[in-house]
Amino acid sequence: MANTPDEQVVRTQLHGKVLLVTVDNPPVNALGAAVRRGLADAMERAETDAAVAAVLIVGAGKSFIAGADIREFGLPPQPPLLTDVCKRIEASKKPVVAAIHGAALGGGLEVAIAAHYRIAVANAKLGLPEVLLGLLPGAGGTQRAPRLVGAAAALDIMLSGRHVGAAEALKLGLIDRLAQSDDTLAEGLAYAQELLAANAGPRRSRDATGLADVEASRAAIAAARAEQGKKAKNLFSPHRIVDAVEAALDKPFDEALKFERTLFMQCLESPQRAGLIHAFFSERDVAKVPEAAAAEPRVLKSIGVVGGGTMGAGIAVSALDAGLPVTMVERDEASIARGRANVEKVYDGLVAKGRMTAEAKAKVMARFTGSTDYAAFAEVDMVIEAVFEDIEVKKAVFKELDRVCKAGAVLATNTSYLDIDAIAASIARPQDVIGLHFFSPANIMKLLEIVVPAKVSADVVATAFALAKKLKKVPVRAGVCDGFIGNRILAVYRQAADHMMEDGASPYAIDAAVRNFGYPMGPFQVSDLAGGDIGWATRKRKSATRDPQARYVQVADRICERGWFGQKTSRGWYQYPQGARTGVEDPEVLAIVDAERQRAGITPRAFTEEDIMRRYMAAMVNEGAKVVAEGIALRPLDVDVTFLYGYGFPRFRGGPMHYADTVGLPKILDDIRAFAKEDPLFWQPAPLLVQLVEEGKNFASLNKS
Ligand code: 3HC
Ligand code: NAI
């Protein structure tokens, strides 16, 4: 039988008695319909060709197989099903070996564990991350993995979605052998030949004994169920994963496989799957911006940071973690000592927790230089300014940067709200000035808004995206306006929350509704965590320019006037007895709210959780539509990613704009128009929303480039 031609996504080639089956479907060898067909054909050849004594499955390129083709989900399924392909592999009468390098994830690992023997090179990452996409392993993974590694380990792998390294996989029994070199093909062939020489026949995972200790297995299932009940109460697929593993104990293998398939289809049809897969693709699409496509990034080998406060120190840690040398400049000796201490504190915390050695800390800190002299920035490739939020202070800093930095250095500001065009215009090289809006804590939070002023050159924008990649951040391109994408939208739905509070909903009811929607915290809890004084200062700063006709709720001011700034003062919207981090409701706050209602002449009315979330989300989506229409966000998906990574928006809902699509834009617009009857100034429908409704389109239609 002839070997298959090179252009096929699955190639077969005989090496002695071993049929080499190569999956070659760039970029990640996803198991699309053609690959599934190719694998089934290859197994057919293996079974019928007398010259074949064993089969070796490998992946071409960077990975073994990264899983099912996620782009196919939601489309009509095409035969053969992956679960049937896996069954066929397992049923082979000739031994089948999988040789793994790079990623063996989801359906990729399911193919590997349907094979009879597994060898992996040291860099291999194995996992069943379906849960992160709202799914469960649907090609036998929920049945074969527990039999191979036991219920507890399999549940951990499937419920966390984590990547398991090759060494751990060997320990767990997920693979049989760790390769001695990185040459997957040679190692795999040698293993297959060795098995043939030893007369080793097929060894099927369905017969493995990992579930033999039924009591321990049931205990693991009960523990997982209890944990998911607490941790994942809003989610669908984690609970189905536990159900599927239970079926591995209760049903014969083939029946349990059918049950797994039924559960998989339920997950596939759930809106959570659509939301999570939207998030998966969107967080990759955000980096696809015109400037990054048009220009090469500048060289970026060193970073300067101005200011060593909360943000400056966090940004410095983030850059140090990425292996970059960091130079920090502060106002005076005491401030730079504090800045250095702020950076060291982060690493000391890691050392104390045993997550870093003292030597590793010393090595990292050796890349950190503190100074009070701007001349220290003479050679750095990029400076990120994180001084006080005051345009005059920032302009003075940029004047210094203009004076000392080398030609071509990128000059970035971490401002939250200020006009970056004005900062750029204040120096002689506006083409080098960009906004890099990190979120607090900057070394932890993944979101980085890359704020693009009018005069910046494309290669500076490309450099900012390259920096984000180095720092392992999720970059979102934003335009210049008050608050950019995130804080601008936040300001609006935060006002909607204040309006509801004054109209009758308690801050605690609003927080509870927002949490039940899937956020980790409600807006009043967030304010207590961040410090009420920050918002208070902003409100005071903006009071002169506030529209006198616009509704202004004063409750937060009354709270701040008492010095109740939240957790740091043990009191804010909640009380925090003895420094507790979880607040308790405060009757005095409710009395203040009541007094403010009376002062404003408002008779409180009842709000259900649904009422609360309709207003909260309508405000968010309406402002989101304005941000997109003005080009502040390139696409609705950029708004989604901003909220997923910077504001705790529940990932399973895909982001506010995706959520709006699932609710239906006509419904959201109807709500806004109904609310506008009470407050037409606040609830002005976004023209883009109106237009989309008129055209019968959704936000997703604007994501397609
Ligand atoms: N299907 C379709 N496309 C995929 C894909 C998949 N499973 N995995 C990755 N891609 C695409 C990405 O969208 C990206 O496309 P783009 O270049 O057009 O943006 C490209 O492949 C490269 O991906 P990354 O940018 O993520 O590349 P990295 O090298 O950073 O990461 C990876 C590689 C670790 C494999 C990562 O892509 C990943 O985690 N992929 C998803 C793995 C996964 O979740 N698998 C389970 C799928 S569900 C399943 O298998 C169901 C089964 O049980 C029936
Ligand atoms: P901070 O008050 O903690 O730190 C500011 C630091 O800048 C201080 O250490 C101060 O000594 C230093 N500084 C002031 N003037 C200086 C000068 N001329 N030269 C050198 N150093 C100078 O403030 P924070 O919170 O770190 O904020 C910094 C910037 O980051 C602000 O623009 C803020 O809006 C922005 N930001 C803040 C976030 C937050 O959550 N705190 C989030 C995102 C952005």
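Residues in the sequence shown are numbered from -19 upward in steps of one, following our numbering. Positions of the beta carbon are idealized from the N, C-alpha and C atoms, including for glycine. Fair warning: this is a prediction, and the values are worked out from it, not measured in the lab.
CA-to-CA, the gap between Phe662 and Asp651 works out to about 13 Å. Of the residues assessed, Asn179 falls on the exposed side of the cut-off, its CB having fewer than 16 other CB atoms within 10 angstroms.
Here Asp574 is exposed: its Cβ has fewer than 16 other Cβ atoms, across all protein chains shown, within 10 Å. A buried status is given to Gly190, since no fewer than 16 other beta-carbon atoms sit within 10 Å of its beta-carbon.
In this structure the region 387 to 407 does not lie against the region 299 to 318, because fewer than three pairs of beta carbons, one per stretch, are closer than 8 Å. In this structure, DSSP gives Phe587 a state outside helix and strand, which the three-state scheme calls coil. The shortest C-alpha to C-alpha distance from Thr290 to any of Met245, Val367 and Pro7 is the one to Val367.
In the assembly as shown, Lys281 is an exposed residue. Its beta-carbon has fewer than 16 other beta-carbons within 10 Å.
Gly47 has its CB nearer than 6 Å to a heavy atom of ligand 1. Residue pairing by DSSP places Lys105 opposite Ala83 and Gly145 in a beta bridge. Within 6 Å of the C-beta of Phe368 there is at least one heavy atom belonging to ligand 2. Here the alpha carbon of Ala31 sits roughly 14 Å from the alpha carbon of Gln173. Under DSSP, Val285 takes part in a beta bridge, and its partners are Met308 and Ile364. For Gly86, the shortest separation between its Cβ and any heavy atom of ligand 1 lies below 6 Å. In this structure, the straight-line span from the alpha carbon of Thr622 to that of Ile465 is close to 7 Å.
Gly114 is a Cβ neighbour of Gln252, given a cutoff of 7 Å. Where Pro455 is concerned, the enclosing beta strand (DSSP E) starts and stops at Val454 to Gly459.
Put simply, the backbone Cα of Leu215 is about 32 Å away from that of Arg653. Between Leu256 and Leu112, the beta carbon gap of about 7 Å places them in contact (Cβ cut-off 8 Å). Cβ atoms of Ala146 and Ala102 come within 8 Å of each other, at about 5 Å.
A straight-line Cα-Cα distance of about 22 Å links Leu(-6) and Ile93. Using a 10 angstroms sphere on the CB of Gly54, the tally of other CB atoms stays under 16, which defines it as exposed. Annotation for Glu310 indicates a beta carbon within 6 Å of some heavy atom of ligand 2.
For Lys341, the CB contacts under 6 Å within the same chain, skipping 5 residues up- and downstream, are Tyr327 and Val331 in chain order. In this structure, ligand 1 has no non-hydrogen atom nearer than 6 Å to the beta-carbon of Pro270. When DSSP states are grouped into helix, strand and coil, Gln555 belongs to the strand group. Not one heavy atom of ligand 1 is found less than 6 Å from the C-beta of Glu27. In this structure, the straight-line span from the alpha carbon of Ile403 to that of Phe378 is close to 8 Å.
Restricting attention to Thr518, Ser298, Tyr473 and Val460, the CA atom closest to the CA of Phe418 is found in Ser298. Ser315 carries a helical assignment under DSSP once its states are collapsed to helix, strand and coil. Counting along the chain, the unbroken beta strand (DSSP E) around Val(-2) starts and ends at Val(-2) to Val3. Taking the Cα of Asp234 as reference, the smallest distance to any Cα among Ser185, Ala104, Gln(-12) and Ala524 is reached at Ser185. Around the beta-carbon of Gln558, fewer than 16 other beta-carbon atoms lie within 10 Å, marking it exposed. With a threshold of 16 other beta carbon atoms within 10 Å, Glu263 meets it and is buried.
Excluding its 5 nearest sequence neighbours in each direction, His258 has C-beta neighbours in its own chain below 6 Å: Gly634 and His638, listed in chain order. Ligand 2 has a heavy atom closer than 6 Å to the beta-carbon of Asn394.
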